[in-house]
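Line by line, the protein sequences give chains U and P. Going by my numbering, the first sequence opens with residue 104, and the numbers climb by one from there. Going by my numbering, the second sequence opens with residue -4, and the numbers climb by one from there. We treat Cβ as the ideally placed atom computed from N, Cα and C, and that holds for glycine. Below you'll find the structure, written out as structure tokens, and then a few comments.
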Amino acid sequence: MDLLALVDCENFYASCERIFRPDLKKVPIVVLSNNDGCVIARSKESKDFGIQMGAPWFKVKEGFLKSGGQVFSSNFALYGDISSRVMSVLSQMSKKIEIYSIDEAFLDLENLAIESHDAANDFGVYCRNIVKQWVGIPVRIGIAPTKTLTKVASYLAKQQTHYPGIFSITNNQKDIETALKRVPIHQVWGVGRRLNKKLSDSGMKNAYDLACSNIPLIRKKYSVVLERTVRELRGERCLAMDENPAPKKQIVVSRSFANKISDLNTLSPIVNDFGVRACEKLRKEGQLCSKVGVFIRTSPFRTQDRQHQTIKFYTLHQPSDDTRDILSSIRWILPKIFRHGFCYAKAGVMLSQFTDENVLQYELFEQINGARRNNQLMKTLDKINHSSTQVNFASQSKIGFTAMRRANVSPRYTTSWFELPTVN
Amino acid sequence: MKLSYIGNISADSLPQNYTPFFAESVPVGFPSPANDYLETPIDLNQYLIKNQVATFLVKASGDSMINANIGSGAVLIVDRSIKPNHNDIIVASIDGEFLCKRLQLKPRIALIAENAKYQPIFIEQGHELEVIGVVTAAINIYK
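What follows is the structure, encoded as structure tokens:
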């Protein structure tokens, strides 16, 4: 039978921090976002301790450290190297692999000719053991006939103890049904918050209810995307490898500042830098955006300060992925929202209303040679700046991203000769 | 000590995807006869590392392995994918610490130092010994 596997690293950043620190085996670990703002990863012990995802660090710091927890600033040099090792190991196990994120990958198991439930679990155990031994990272594995069902299986792998970290759903209808009944509807891949509310209101509680719904009705009432989800839940493969439910609908680049900012001349190069980064991401996704938003806010935690937060949008005449278009939008927005006398703690650039770069329609009165889309300059820039920024826009801050607060960063164990782990 | 010549190596550390540089470019003068025999210089990575994704480098500290030619400061090549056998030099984690020792499996499990100054560490029941990987090479820098 044709099966796919979703391999998901457990608590990835926290697990990376543990590889070279055997003393932290059972210690609660949290990893903080850039600038040590909030919690972006937690070990199992930290979750059990009650630390929430995204919690502002200064709020949970005292209790967490007092209880013996260990904190790390994010160390992307380390996580990137470990991720690529995990992905290399996985690519030796299957001839087709899709890297879905830094800590997740889909494997096509077709060539393994897995014929039974037990064989699927055996593969899971084998894969999990190899990744753990070779790289030191624990992974969770969901095996199923469709991508959406591998997500279901991965969710169930978390819950069970029989085969720790592994769950398989075979092509058998009974097998699929029992699995789906155990999954609440908001856990289904592609069901976001808003959709969850609508579906729950119409009486659906679990994934099985959704899988049983009437397909033409789903398409009419919701979307083709949800129709595909329903079909996938029934075991019918709609999403091929390298194909996912919906491309990103917006790109946000934002940071909180280590030092509060109260003048426009300091703020604008930093916001421009966010704009440049957001455009790089936009071009990577192969999208054009029509709407540019800029937001700024003071720190809501500094109750003694005067508070101000706002967001404003600019709509481009024609969808673009050209950094210069986005920068001029920012130049238009920022002075209009900035107010003197406030200490801003965070700002961000948001790109939205995407169109695929291949299906762009020209406006009636737009001169084609006036449009800057798809030009060689941006491609060249992306190439030059591929691994680290070499060429900057004049209006862009060069220190926006490097002047980060990373007080608790661990050594770059695997990427620097000077930071190798030591043994006695 | 008897030495045998293996080959020459460029002074820089060589990247994996090293491509030889062809000196021959302009059709004037006499072309270097060596160009026809150009080969990629020896790659230390290739020699030292069998399974790159499972290999980590660690730095030794202390003199407990001196008789196995692992001096303080030596860089150890640790391959996590090799199953440890009796008498292998390994990196293990014990009581929350990384140690490099020789693994003894019989008559009883122990970690043996390569220096008479240090006592063997016997793994008693209830103690957790986790072998991280097998040390396949040590690089000592003399100068």
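Alpha-carbon spacing of residue 128 of chain U relative to residue 121 of chain U, whole angstroms:
One C-alpha to the other measures close to 7 angstroms.
How long is the line joining the alpha carbons of residue 167 of chain U and residue 284 of chain U, rounded to whole angstroms?
37 angstroms
In chain order, which continuous runs of the beta strand (DSSP E) of length 3 or greater are located wholly inside the stretch 67 to 137 of chain P?
Counting only runs of 3 or more, we get 70 to 74, 84 to 89, 92 to 99, 105 to 107 and 124 to 134.
Going along the chain, which residues of the stretch 235 to 260 of chain U sit with their C-beta nearer than 8 angstroms to a C-beta in chain P?
Listed by position along the chain: 236, 237, 238 and 239.
Using a Cβ-Cβ cutoff of 7 angstroms, what residues of the stretch 92 to 113 of chain P are near chain U? List them in chain order.
92, 93, 94 and 95
So for residue 256 of chain U, helix, strand or coil by DSSP?
helix
Listed by chain order, chain P residues near residue 126 of chain U by CB distance under 8 angstroms:
Here the neighbours are 91 and 92.
At 4 residues or longer, what runs of the alpha helix (DSSP H) sit wholly inside the stretch 303 to 361 of chain U?
Runs found: 310 to 314, 318 to 324 and 327 to 336.
Would you please verify whether the beta carbon of residue 63 of chain P is less than 9 angstroms from any beta carbon of chain U?
no
Please state if the CB of residue 527 of chain U and the CB of residue 55 of chain P are separated by a distance shorter than 9 angstroms.
yes
Nearest to residue 279 of chain U by alpha carbon, out of U:390, U:440 and U:245?
U:245
Distance between residue 219 of chain U and residue 273 of chain U (C-alpha atoms, nearest Å):
7 angstroms
Chain P residues whose Cβ lies nearer than 7 angstroms to that of residue 427 of chain U:
Neighbours of residue 427 of chain U on chain P: none; closest Cβ ~35 angstroms, over 7 angstroms.
Have a look at residue 472 of chain U and residue 478 of chain U and give me their C-alpha separation to the nearest angstrom.
Reliability of the predicted coordinates at residue 472 of chain U is poor, the pLDDT of 45 falling under 50, and the value obtained from them is presented with this limitation in mind. Their backbone Cα atoms lie some 11 angstroms apart in a straight line.
Please classify residue 65 of chain P as buried or exposed, where buried requires at least 16 neighbouring CB atoms within 10 angstroms.
buried
Closest by CA to residue 359 of chain U, which one among U:448, U:295, U:309 and U:340?
U:448
Anything in chain P within Cβ reach of residue 192 of chain U, meaning under 7 angstroms, just list it in chain order.
Chain P residues near residue 192 of chain U: 48.
Within a Cβ cutoff of 8 angstroms, which residues of the same chain sit near residue 342 of chain U, ignoring the five residues on either side of it in sequence?
249, 250, 251, 331, 335 and 348
What's the gap between the Cα of residue 318 of chain U and the Cα of residue 261 of chain U?
So the two alpha carbons sit approximately 30 angstroms from each other.
Using 9 angstroms as the threshold, is the C-beta distance between residue 458 of chain U and residue 385 of chain U below it?
In this structure, residue 385 of chain U does not lie closer than 9 angstroms to residue 458 of chain U by Cβ.
Using CA atoms only, rank isn't needed, just tell me which of U:322, U:193 and U:160 is closest to residue 176 of chain U.
U:160
Where does residue 166 of chain U fall in DSSP's three states?
helix
If we call anything under 9 angstroms between Cβ atoms a contact, is residue 171 of chain U one with residue 149 of chain U?
no
Can you name, in chain order, every residue of its own chain whose Cβ lies under 7 angstroms from the Cβ of residue 48 of chain P, other than the five neighbours on each side?
none
Measure the beta-carbon distance from residue 242 of chain U to residue 110 of chain U and round it to whole angstroms, keeping in mind my assumption that it falls under 8 angstroms.
5 angstroms
Anticipated Cβ contact below 8 angstroms, residue 412 of chain U with residue 399 of chain U, distance rounded
So it is a contact: roughly 7 angstroms between Cβ atoms.
Below 8 angstroms, can you find three or more Cβ-Cβ pairs linking the stretch 370 to 378 of chain U to the stretch 417 to 425 of chain U?
No, the stretch 370 to 378 of chain U does not touch the stretch 417 to 425 of chain U.
Throw me the rounded Cβ distance for the residue 372 of chain U and residue 491 of chain U pair, which I believe falls under 8 angstroms.
That belief does not hold up - the Cβ atoms of residue 372 of chain U and residue 491 of chain U are roughly 19 angstroms apart, past 8 angstroms.
Taking 9 angstroms as the threshold (beta carbon to beta carbon), is residue 51 of chain P in contact with chain U?
yes
Starting from the C-beta of residue 511 of chain U, find all residues in its chain whose C-beta is less than 8 angstroms away, skip the five residues before and the five after it, and write them out in chain order.
135, 139, 174, 175 and 176
Local conformation of residue 473 of chain U per DSSP, three classes:
Reliability of the predicted coordinates at residue 473 of chain U is poor, the pLDDT of 46 falling under 50, and no value is obtained from them.
Going by Cα to Cα distance, which pick from U:213, U:187 and U:216 is closest to residue 202 of chain U?
U:187
Please identify the residue among U:396, U:403, U:406 and U:428 whose C-alpha is closest to the C-alpha of residue 415 of chain U.
U:396
Determine the contact status of residue 496 of chain U and residue 430 of chain U, defining contact as a CB-CB distance below 9 angstroms.
With contacts defined as CB atoms closer than 9 angstroms, residue 496 of chain U and residue 430 of chain U qualify as a contacting pair.
Segment limits, beta strand (DSSP E) that includes residue 453 of chain U:
Counting along the chain, the unbroken beta strand (DSSP E) around residue 453 of chain U starts and ends at 447 to 459.
With a Cβ-Cβ cutoff of 9 angstroms, do residue 107 of chain P and residue 96 of chain P count as a contact?
yes
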